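Novice:
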Amino acid sequence: MNTRRSPAADPLDPAIAQAAGEWFALLSSEACTEADRGAWRQWRDAHPQHEHAWQRVEQVARRFGMLEPSAALTALGRGAPRRQFLQTLAVAGVAVGAGWLGYRHVPWRAWTADYQTAVGERREIILADGTRLMLNTATAVNVTYSAHVRRVELVRGELHIATAADRLARRFVVATRFADLVPVGTRFSVRQQEEWVRLMVHEGAVQIENPQPVRRVPAGATVLISAQGLGDTTPNPENADTWMHGMLLADGMPLADFVAELGRYRRGRLTCDPAVAGLRLSGTFPLQDTDRALAAVSRALPVRIVEMTPLWVRIAVA
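Per full-length UniProt numbering, residue 1 is the first one in the sequence shown, and the count goes up by one each step.
1) Spell out a yes or no on whether the segment 170-187 and the segment 265-278 are touching, meaning 3 or more CB-CB pairs, one atom from each, closer than 8 Å.
2) From the DSSP secondary-structure annotation, give me the bridge partner or partners of Asn142.
3) Using C-beta distances below 6 Å, list every residue in its chain close to Leu224, excluding the 5 sequence neighbours before and after it, in chain order.
4) Which of the three DSSP states is assigned to Glu121 in this structure?
5) Could you pull the start and end residues of the alpha helix (DSSP H) that Thr290 belongs to?
6) For the alpha helix (DSSP H) that contains Gln42, what are its first and last residues?
7) Taking buried to mean at least 16 other C-beta atoms within 10 Å of its own C-beta, is Ala227 buried or exposed?
8) Using 10 angstroms around the beta-carbon of Thr144, count the other beta-carbons present and answer buried if the total reaches 16, otherwise exposed.
9) Taking the straight line between their C-alpha atoms, what separation do you get for Thr117 and Pro310?
10) Only counting runs of 3 or more residues, tell me where the beta strand (DSSP E) segments fall wholly within the segment 180-257, in order along the chain.
11) Suppose the cutoff is 8 Å on Cβ atoms and the five residues either side in sequence are ignored; what does the same chain contact list for Val317 look like?
12) Could you give the distance in angstroms between the alpha-carbon of Trp256 and the alpha-carbon of Val214?
13) Tell me where the beta strand (DSSP E) around Val174 begins and ends.
14) Does the beta-carbon of Ala90 have 16 or more other beta-carbons within 10 angstroms, so that it is buried, or is it exposed?
15) For Val306, collect the residues of the same chain with a Cβ closer than 6 Å to its Cβ; drop the 5 residues on either side in sequence, then sort them by chain order.
16) Would you mind working out which of Glu124, Glu261, Met200 and Glu209 sits nearest Ala240, comparing C-alpha positions?
17) Would you mind reading off the limits of the beta strand (DSSP E) that contains Pro274?
18) Quick check: the Cα distance between Ala175 and Gln207, rounded to an integer number of angstroms?
19) Could you check what DSSP says for Arg314 in three-state terms: helix, strand or coil?
20) Excluding the 5 residues preceding and the 5 following Arg83 in the sequence, name in chain order all residues of the same chain whose CB lies nearer than 8 Å to its CB.
21) Apart from the five residues just before and just after Gln192, which ones in its own chain have a Cβ nearer than 7 Å to its Cβ?
22) State the Cα-Cα distance for the pair Trp23 and Glu238, rounded to the nearest angstrom.
23) So the candidates are Val297, Thr234 and Gly278; which of them puts its Cα closest to the Cα of Phe285?
24) Rounded to a whole number of angstroms, what is the C-alpha to C-alpha distance between Gln212 and Cys32?
25) Using a 10 Å radius around the Cβ and a threshold of 16 neighbouring Cβ atoms, would you call Ser146 buried or exposed?
26) Beta-carbon separation of Arg170 and Arg150 under 8 Å?
27) Check the C-beta distance from Asp129 over to Ala164 and give it rounded, since I have them as a contact under 8 Å.
28) Could you check whether Ala300 and Leu281 sit closer than 8 Å to each other, using their CB atoms as the reference points?
29) In terms of alpha-carbon separation, which member of His245, Arg216 and Thr242 lies closest to Thr233?
30) Helix, strand or coil, according to DSSP, for Val262 in the structure here?
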């Protein structure tokens, strides 16, 4: 008897499933280019699990979109109700399996959020009361204003908030995975990762509530928040808000940390070999042209930039 397991029989890696979902969102958007479609085909061909993940997305598209996948994508590109379709896709997560559309893997919540940015994009939003939101790369937020509260939910990514005075004196709350943040006439930034939330206060103060008030964070201070509680209050890093100006500031930064940060601003995978991971890098690097940033790295350090595929770049020993 043949006991070999097919790729479809193996558990699906949530990271691969999330990538498949993000490819679906890109192909569904009007911003998708022929180069994007070519990169998507290469991604599908790169590993059997990639193809398996994409087939699951197609199954959901057929079942809940009432269309063949290619027709669904074409219709969505012509301006069909993409948000409604993706909400349907979210509900379908229980049928898809692997939990990849659950809360911990949030692509569907990001797709259906009120405001979103793509990888490498920054966007400013001015709310009804004059509050300004600056969304960093791959960020999604929901905004709910009621008679008693102004609520901004950070679904994923990074957000800078400059609050405005409200004539109705409504409470302002930023909801994150691990705590609510209540500013007091302030300007602050919040970054949310899978395992932590980082609060940086630039002006005024922010009260952390979880659910009761647990700490008031003053201007110039940073706190990490996780399921384990609050970290120590530390001074804001030098590069706290340089992303708002489209730059990444490195001052003796380990190359591995630089790669992790720059990788947030480009599609695909950016890695470095262990042999060069500890090299220290200083300089200012453009976030809107990550290829130029990588070229600058290769001039500053004894490394070379290796393009493994259009979606995988590796930094290796020169």
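Every residue, glycine too, gets a C-beta built ideally from N, C-alpha and C. The structure presented is a predicted model; accordingly, all values stated were derived computationally and were not measured.
Specialist: Straight from the coordinates:
1) Fewer than three pairs of CB atoms, one per stretch, sit closer than 8 Å, so the segment 170-187 makes no contact with the segment 265-278.
2) For this step, residue 142 is matched to residue 142 along the sequence shown. Per DSSP, the beta bridge partners of Asn142 are Glu153.
3) Taking the sequence shown and counting its residues from 1, one reaches residue 224 at position 224. Excluding residues within five positions, the ones whose Cβ falls inside 6 Å are Trp196, Arg198 and Gly231.
4) Here residue 121 is taken as the residue at index 121 of the sequence shown, counted from 1. DSSP, read as helix, strand or coil, puts Glu121 in coil.
5) Within the sequence shown, the letter at position 290 stands for residue 290. Note, Thr290: alpha helix (DSSP H), Thr290 to Ala300.
6) Reading the sequence shown from its first residue, position 42 is the one you call residue 42. Counting along the chain, the unbroken alpha helix (DSSP H) around Gln42 starts and ends at Glu34 to Ala46.
7) Within the sequence shown, the letter at position 227 stands for residue 227. By the 10 Å Cβ count, Ala227 comes out exposed.
8) Position 144 of the sequence shown holds residue 144. Burial state of Thr144 is exposed, judged by a 10 Å Cβ sphere holding fewer than 16 other Cβ atoms.
9) Working through the sequence shown from its first residue, we reach residue 117 at position 117. Working through the sequence shown from its first residue, we reach residue 310 at position 310. Roughly 22 Å separates the two Cα atoms.
10) Runs of the beta strand (DSSP E) inside the segment 180-257: 180-192, 197-209, 213-218, 221-226 and 247-254.
11) For this step, residue 317 is matched to residue 317 along the sequence shown. The beta carbon of Val317 sits closer than 8 Å to those of Asp273, Ala275, Val276, Pro302, Val303 and Arg304, all from its chain and outside the five residues before and after it, given in chain order.
12) Taking the sequence shown and counting its residues from 1, one reaches residue 256 at position 256. Taking the sequence shown and counting its residues from 1, one reaches residue 214 at position 214. Looking at the sequence provided, one finds Ala at residue 256 rather than Trp. Looking at the two C-alpha atoms, the distance is approximately 34 Å.
13) On the sequence shown, residue 174 is found 174 positions in, with the first residue counted as 1. Run containing Val174: Arg171 to Ala175, per the beta strand (DSSP E) assignment.
14) Locating residue 90 in the sequence shown gives position 90, counting from the first residue. Confidence at Ala90 is low in this model, with a pLDDT of 44, below 50, so its placement is unreliable and no value can be given for it.
15) Counting from one through the sequence shown, the residue named residue 306 turns up at place 306. Leaving aside the five residues that flank Val306 on each side, the residues in its chain whose CB is nearer than 6 Å to its CB run, in chain order, Arg314 and Ala316.
16) Here residue 240 corresponds to residue number 240 of the sequence shown, with the count starting at 1. A check of alpha carbon separations from Ala240 across Glu124, Glu261, Met200 and Glu209 identifies Met200 as the nearest.
17) On the sequence shown, position 274 is the one that residue 274 refers to. No beta strand (DSSP E) holds Pro274; DSSP gives it neither H nor E.
18) Here residue 175 refers to the residue found at position 175 of the sequence shown. Here residue 207 refers to the residue found at position 207 of the sequence shown. So the alpha carbons of these two residues sit roughly 12 Å apart.
19) Looking up residue 314 in the sequence shown gives position 314. Correct three-state label for Arg314: strand.
20) Within the sequence shown, numbered from 1, the residue matching residue 83 stands at position 83. Low local confidence applies: a pLDDT of 45 at Arg83 is under 50, so the model's placement there is unreliable, with the coordinate-based value given in what follows. Trp111 and Thr112.
21) Residue numbering aside, residue 192 sits at position 192 when the sequence shown is read from its first letter. Once the five neighbours on either side are set aside, the close Cβ partners of Gln192 are Leu154, Arg156, Gly157, Thr176 and Arg177.
22) Within the sequence shown, numbered from 1, the residue matching residue 23 stands at position 23. Within the sequence shown, numbered from 1, the residue matching residue 238 stands at position 238. For the pair Trp23 and Glu238, the Cα-to-Cα distance works out to about 35 Å.
23) As a first step, residue 285 must be located in the sequence shown, where it is residue number 285. Checking every option, the nearest Cα to that of Phe285 belongs to Val297.
24) Counting from 1 along the sequence shown, the entry for residue 212 is found at position 212. Counting from 1 along the sequence shown, the entry for residue 32 is found at position 32. Going from the Cα of Gln212 to the Cα of Cys32 covers about 45 Å.
25) By 1-based counting over the sequence shown, the position of residue 146 is 146. By the 10 Å Cβ count, Ser146 comes out exposed.
26) For the purposes of this step, residue 170 is identified with residue 170 of the sequence shown, where counting begins at 1. For the purposes of this step, residue 150 is identified with residue 150 of the sequence shown, where counting begins at 1. Going by C-beta atoms, Arg170 is nearer than 8 Å to Arg150.
27) To locate residue 129, count along the sequence shown from 1; it is residue 129. To locate residue 164, count along the sequence shown from 1; it is residue 164. Rounded, the Cβ-Cβ distance is 5 Å, consistent with contact.
28) Residue numbering aside, residue 281 sits at position 281 when the sequence shown is read from its first letter. Residue numbering aside, residue 300 sits at position 300 when the sequence shown is read from its first letter. At the C-beta level, Leu281 and Ala300 come within 8 Å of one another.
29) Your numbering for residue 233 matches position 233 in the sequence shown. Out of His245, Arg216 and Thr242, Arg216 has the C-alpha closest to the C-alpha of Thr233.
30) Walking along the sequence shown from the start, residue 262 turns up at place 262. Note on identity: in this sequence residue 262 is Leu, with Val being the wrong assignment. Reduced to three states, the DSSP call for Leu262 is helix.
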